[in-house]
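Remarks on the structure that follows.
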Amino acid sequence: MKWIVLILVIVLLLLIAISVYAANFFLNVALFRENDWYDKAGHKMMNPDNFNKGKSKYDLIEEQQIQDGDIFWNRDFAKDYWLEINGEKLYSRLITPHPTSKKWVICVHGYRSFGKRDMAFVASKFADQGYNILVPDLRAHGKSTGNVIGMGWLDRLDLMNWIQEVMRIEPLAEIVLFGGSMGAATVMMTSGEALPNTVKGLVVDCGYSSVYNEFSAMLRSAFKLPAFPILTIANVMAKKRVGYSLKEASSIRQLTKNKLPTLFIHGTGDKFVPHQMLYDNMEATNGVKESLIIEKAPHLSSFIYEPEHYFDTVFEFIHRYC
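Residue numbering for the sequence shown follows full-length UniProt numbering, starting at 1 and increasing by one per position.
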């Protein structure tokens, strides 16, 4: 009997040690810019669609959108714009094709990406509708400094500063917040803060319901590991190491305080952020809400799969409610 108890204790201690190691590894690769495991291996594990490119009609559409976005990004009405916050230098691209327009949009990119990559083409579509645009690189991304990845939670505070910066440029601005992936989570997490009346509405494409839920999904799908006890331990570790817990970084919790009109978008083929999270986010918000579901579209690819339907829906929603 003593031997059985001893074996059980040893097994339990071993499981705890493995779980602590796994939690620490996961936090290191997920939340620190300087860790390159995601670029070397993790991205392909977590979002394989980005590595299955060929010459399908969708690949050709994406190539054309990238080219169009690059041209737009470098037009003479676009310039680099910097903001210094708490010792970090945050970059954005300020694009003002309509200097007298009061219509503005802030477009926010996704996880371990940067503004130009994810939002240059989107910005061009807003310009076609008479908007001026600000496209930030979130801290620890792109040209912005920083090492800790905020997963939208820390970034919501920076986004509020960018909103103030747009208002400084144009005091009568009417601002739409547009985000994709982690950028969508950033917008949703910002929605629960005390926003100025100049912010009129939100468009969020494939945003997760919380960091904890997103990491749970990734552990199951990419690593084939259970969320418990790894994320339970990681949740405690995160608070000490990066200043926020995985559970408090919640789109759902913030959306319960949101009263702004919000359009939720997701592709059913998303392997990175499960599209079922859209329904959890929609249920949480208190504002006017509509959804756009694009069948079979992978992560942040809905405007590649059905570009006309996508942007028609976005601008019809904005014109109706914002």
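Beta carbons are placed, not taken as given, at the ideal position from N, Cα and C, and that holds for glycine.
How would you call residue 28, buried or exposed, if buried means at least 16 neighbouring beta carbons within 10 angstroms?
Within the sequence shown, residue 28 is the residue found at index 28, counting from 1. It counts as exposed.
Would the beta-carbon of residue 89 be found less than 7 Å away from any heavy atom of the ligand NAD?
In the structure shown, the ligand NAD is absent, as is every other ligand, since no ligand is present at all.
Please classify residue 194 as buried or exposed, where buried requires at least 16 other C-beta atoms within 10 Å of its C-beta.
For the purposes of this step, residue 194 is identified with residue 194 of the sequence shown, where counting begins at 1. Residue 194 should be labelled exposed.
Would you mind working out which of 125, 145, 212 and 281 sits nearest residue 313, comparing C-alpha positions?
Residue numbering aside, residue 313 sits at position 313 when the sequence shown is read from its first letter. Answer by Cα proximity: 125.
Please state whether the Cβ-Cβ distance between residue 396 and residue 184 is less than 8 Å.
The structure shown does not extend to residue 396, since the chain is modelled only from 1 to 322, so the question has no answer here.
Roughly how many angstroms separate the alpha carbons of residue 133 and residue 104, rounded to a whole number?
Position 133 of the sequence shown, counting from 1, holds the residue named residue 133. Position 104 of the sequence shown, counting from 1, holds the residue named residue 104. Cα-Cα distance, rounded: 6 Å.
If contacts are defined as beta-carbon pairs under 8 Å, then residue 150 and residue 138 qualify, I think. What distance do you get, rounded to the angstrom?
For this step, residue 150 is matched to residue 150 along the sequence shown. For this step, residue 138 is matched to residue 138 along the sequence shown. Their Cβ separation, rounded to whole angstroms, is 7 Å, which keeps residue 150 and residue 138 in contact under 8 Å.
Residue 82: buried (16+ other C-beta within 10 angstroms of its C-beta) or exposed?
In the sequence shown, residue 82 corresponds to position 82, counting from 1. Residue 82 is exposed by the Cβ-count criterion.
Pull up the distance between the alpha-carbon of residue 42 and that of residue 24, whole angstroms please.
As a position in the sequence shown, residue 42 is number 42, starting the count at 1. As a position in the sequence shown, residue 24 is number 24, starting the count at 1. Those two C-alpha atoms are separated by around 15 Å.
From this set, 283, 267 and 271, which residue's C-alpha is nearest residue 309's C-alpha?
Translated into positions along the sequence shown, residue 309 becomes position 309. The option with the nearest alpha carbon to residue 309 is 267.
Hey, how far is the Cα of residue 169 from the Cα of residue 79?
Taking the sequence shown and counting its residues from 1, one reaches residue 169 at position 169. Taking the sequence shown and counting its residues from 1, one reaches residue 79 at position 79. Distance between the alpha carbons of residue 169 and residue 79: 14 Å.
May I ask which residues mark the beginning and end of the beta strand (DSSP E) holding residue 180?
By 1-based counting over the sequence shown, the position of residue 180 is 180. Residue 180 -> beta strand (DSSP E) spans 174-180.
With distance defined between alpha-carbon atoms, name the residue in 283, 305, 176 and 155 nearest to residue 249.
In the sequence shown, counting from the first residue as 1, residue 249 sits at position 249. Comparing Cα-Cα distances from residue 249 to each of 283, 305, 176 and 155, the minimum goes to 155.
Using only the alpha-carbon positions, how far apart do residue 152 and residue 187 sit?
Residue 152 sits at position 152 when you count from the first residue of the sequence shown. Residue 187 sits at position 187 when you count from the first residue of the sequence shown. Whole-angstrom Cα-Cα distance: 8 Å.
Looking at residue 254 and residue 189, is the spacing between their C-beta atoms short of 8 Å?
As a first step, residue 189 must be located in the sequence shown, where it is residue number 189. As a first step, residue 254 must be located in the sequence shown, where it is residue number 254. It is a contact, given that the beta carbons lie within the stated cut-off.
On the CB-based measure, 16 or more other CB atoms within 10 Å of its CB, does residue 349 come out buried or exposed?
The structure shown does not extend to residue 349, since the chain spans only 1 to 322, so no value can be given for it.
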